[in-house]
Amino acid sequence: MKDILIEDQSNAGKLQFNQILADSGQMFTTRDKRYFVMNLFDGAQYQEPSAQGKASNEKYPFIRTNFKSWTKVWDLGEFEMNRTDEDRFKTQRSMLSMSQLRKNVDSLNIEVVEARQGIADDLLLSFRRKPHKPTVTAVPKPSTDSARLAQTQRDALRQLARAQRKEEQIKQDTLKKGMFKQQLDKPLSQYKSFEETFPEKDRAKLLEQAIGYSRSGRIVLDRRLSQITNRRKEAIKTGYELYTKYSFALVCFVFLFIGAPMGAIIRKGGFGYPILVSIIFFVTFIMLTIMCRKLAEAYILTSFWAAMAPCLALVPIGAFLTRRAMNDSQMFSTDRLDRFMLKLRRRFQKEGTPA
């Protein structure tokens, strides 16, 4: 290479001038193909010095460095394309298969049902009450001996009854713990409020404890409702992605019955007018798809109808255009408009002609 000029743009953001001039040079890669080498001969480097602090407003001369030989080595590994980790995107809805999407929808719906059922248990826990859940005791495998089988069944029933009694006792002890005792010294109809049924010394503590329980219950309820809302939205989006795969496959046939008749119906304009009208229908389909997706995310439409509605809206149009093309009926014909404009032009010409 001859008459080499190199502009260093590594500090372009700082507006610093850095230029290398050389009489000749050569570029090559090493034998192991790992490094790229550039050798320059008989040249100079012109560099603007970088000033910091108060001296940044002062002017300095360029720095010129002459050289007989100048070598620069680049590691080619820095220019290799790094493949994206497939595990990072394999769980996205658009990358899942139809069976995986169907499985995810079922799992999300189950989580929504479990979250709704767990609201009562969470509220009981927030009020420091033990939620009642039946204890399931595993029954041993039956033996071939009938006497031993009857004995194992009786033992299993005793263990189940004992566990239920123990759980009920724990529940009763939990309810009694920390509760204030009411003091009823007159009929209930004579009390003005529920608060008056407790001793006066316990009313302040009772009110404070009630406020604390209500706040903790509100926090637990808000967290559970947020979880239910997120799971519902994810289930709707996943279901919409599933049914969209069916909808896009079906709409390809619908557009076939829309685009194909256009050439027979529209007689003028060659391929231009039919393609233009088909593009209008395609844009309409995209707009309907976006609108229905928003309606599904707002819980107005189900995932199935949100995905299928744009396709079903174009089915009557495709059937109508196909029927008109089979009957050789013209649409969008400009012959009548041309004849009307010609008659109108002749009438104005006659009125403008002097007698």
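Count the sequence shown with our numbering and you get residues 2 to 356, in order.
Just so you know, even glycine gets a beta-carbon here, dropped at the ideal spot from N, CA and C.
Taking C-beta atoms as the reference points, P311 and C293 count as a pair closer than 8 angstroms. C-alpha of L345 to C-alpha of V278: approximately 29 angstroms in a straight line. Counting every other CB atom within 10 Å of its CB across the protein chains shown gives I111 a total below 16, marking it as exposed. Residue pairing by DSSP places A45 opposite L22, N67 in a beta bridge. Taking C-beta atoms as the reference points, K3 and M39 fail to come closer than 8 angstroms.
Annotated three-state conformation of Q27 is strand, per DSSP. Within the model, the alpha-carbon separation for G119 versus S108 is close to 16 angstroms.
Judged by DSSP in its simplified three-state form, I301 adopts coil rather than helix or strand. The continuous beta strand (DSSP E) containing L6 extends over residues 3-8. Under the DSSP assignment, Q210 falls in the alpha helix (DSSP H) whose first and last residues are 201-260. Assignment of K73 by DSSP, reduced to helix, strand and coil, places it in the strand class. A250 is classed as exposed because its beta carbon has fewer than 16 other beta carbons within 10 Å across all chains shown. Beyond the five residues adjoining it in sequence on each side, I21 comes within less than 6 angstroms, by CB distance, of I7, Q46 in the same chain, given in chain order.
Residues of the same chain with a CB within less than 8 angstroms of the CB of R117, apart from the 5 flanking positions on each side, are I229 in chain order. DSSP places Y36 within a strand segment (E or B) once states are collapsed to three. CA-CA distance, P50 to N67, rounds to 16 angstroms. Around the C-beta of M309, 16 or more other C-beta atoms lie within 10 Å, and the residue is accordingly described as buried. The region 280-297 and the region 214-225 do not touch, with fewer than 3 CB-CB distances between them shorter than 8 angstroms. By the beta-carbon neighbour count (other beta carbons within 10 angstroms, threshold 16), T30 is exposed. Take the alpha-carbon of L226 and the one of A299: they are about 16 angstroms apart. By the criterion of a C-beta distance shorter than 8 angstroms, R35 is surrounded in its chain by D76, L77, G78, once the five residues flanking it on both sides are discounted.
For I266, the enclosing alpha helix (DSSP H) stretches over residues 263-266. Distances from the alpha-carbon of L243 to those of R32, R94, C253 put R94 closest.
Per DSSP, reduced to three states, the secondary structure at Y192 is coil, with no helix or strand assignment. A distance below 6 angstroms between beta-carbons, with the five flanking residues on each side excluded, links G260 to the following residues of its chain, in chain order: S279. For D43, the CB contacts under 6 angstroms within the same chain, skipping 5 residues up- and downstream, are D24 in chain order.
Looking at the backbone, the Cα of K295 and that of T245 are separated by about 14 angstroms. P62 sits in coil when the DSSP states are folded into three classes, being neither helix nor strand. Scanning L124, R233, E235, L257 for the CA closest to the CA of Y214 turns up L124.
Straight across, the Cα-Cα distance linking F199 with S217 is about 23 angstroms.
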